[in-house]
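Colleague:
Numbering (this note's numbering), first residue to last: 1 to 231.
(1) Assuming residue 65 and residue 137 are in contact, meaning their beta carbons sit under 8 Å apart, how far apart are those beta carbons, in whole angstroms?
(2) Buried or exposed for residue 176, going by 16 or more other Cβ atoms inside 10 Å?
(3) Opposite residue 124 in the DSSP bridges: which residues?
(4) Could you please give the first and the last residue of the uninterrupted beta strand (DSSP E) stretch that includes residue 13?
(5) Secondary structure at residue 64, three-state DSSP: helix, strand or coil?
(6) Report the three-state DSSP secondary structure of residue 184 (helix, strand or coil).
(7) Can you have a look at residue 13 and say buried or exposed, based on whether 16 or more other CB atoms are within 10 angstroms of its CB?
(8) Which same chain residues end up closer than 7 Å to residue 100 when comparing Cβ atoms and leaving out the 5 residues on each side of it in sequence?
(9) Using 8 Å as the threshold, is the region 80 to 94 in touch with the region 16 to 28, meaning 3 or more CB pairs across them?
(10) What first and last residue would you give for the beta strand (DSSP E) that runs through residue 53?
(11) Would you mind reading off the limits of the beta strand (DSSP E) that contains residue 196?
(12) Any idea what DSSP makes of residue 221, helix, strand or coil?
(13) Reducing DSSP to helix, strand and coil, say where residue 107 ends up.
(14) Spatial neighbours of residue 223 within its chain, please: C-beta separation below 8 Å, excluding the five flanking residues on both sides.
(15) State the Cα-Cα distance for the pair residue 11 and residue 49, rounded to the nearest angstrom.
(16) Note down the Cα distance separating residue 116 from residue 214, rounded to an integer number of angstroms.
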């Protein structure tokens, strides 16, 4: 964290894991899971470059809306713990994975539920991989999601954007050319969305750790950089 701070990098910390998220194969919010979340808060709350905590991950979706009350309980407990420990106020946010279906109304309903009451989240995040190859603002999910969240009362941004790696491996499409960058940060979306985060920090499924710590620019980085150079 100190090394990140030296470079002026602030982090959004996901305090859930595959074994401690709300769902984990069975929807529960337990003392054991709360204890694990408290440990994560204790580990990162003192760093000034801890920007925000993610608490809800993609277990919460249009097909698992029944776990939303448990997610709200987790938000309430973690916020209470941060206050009781005397930590600075660190925003807590939720996260949902979208798909190419027509359930955008459900995503908005989930977000509204998570934003209400004393145990409300402080920001909301949607993961979307729909912009691939020659996609556009209208052919991807971006237009529909922007319309659905045009009046959302909390900060909202896109995480994990860029083409789904599973789709990218299909040789019939170009995959991650990153022409969505101009749209996300341009006038069509910037009034609603607070930017986005590219998928991903590390190569998913890569078991070769020999290059970790090295600065390696992938070929696709050129397209990503080109998008930002337009601003």
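A virtual CB, placed ideally from N, CA and C, is assigned to each residue, including glycine.
Modeller: Taking the structure as given:
(1) About 28 Å; that fails the 8 Å criterion.
(2) buried
(3) 94 and 156
(4) First-last of the beta strand (DSSP E) with residue 13: 11 to 14.
(5) coil
(6) Three-state result, residue 184: helix.
(7) Residue 13 is buried by the Cβ-count criterion.
(8) A caution first: residue 100 carries a pLDDT of 49, below 50, which makes its placement in the model unreliable, though a value can still be read off. So the list reads 130 and 141, once near-sequence residues are dropped.
(9) no
(10) 50 to 54
(11) 196 to 198
(12) helix
(13) Residue 107 falls in the helix class under three-state DSSP.
(14) 176, 177, 178 and 179
(15) 6 Å
(16) 43 Å
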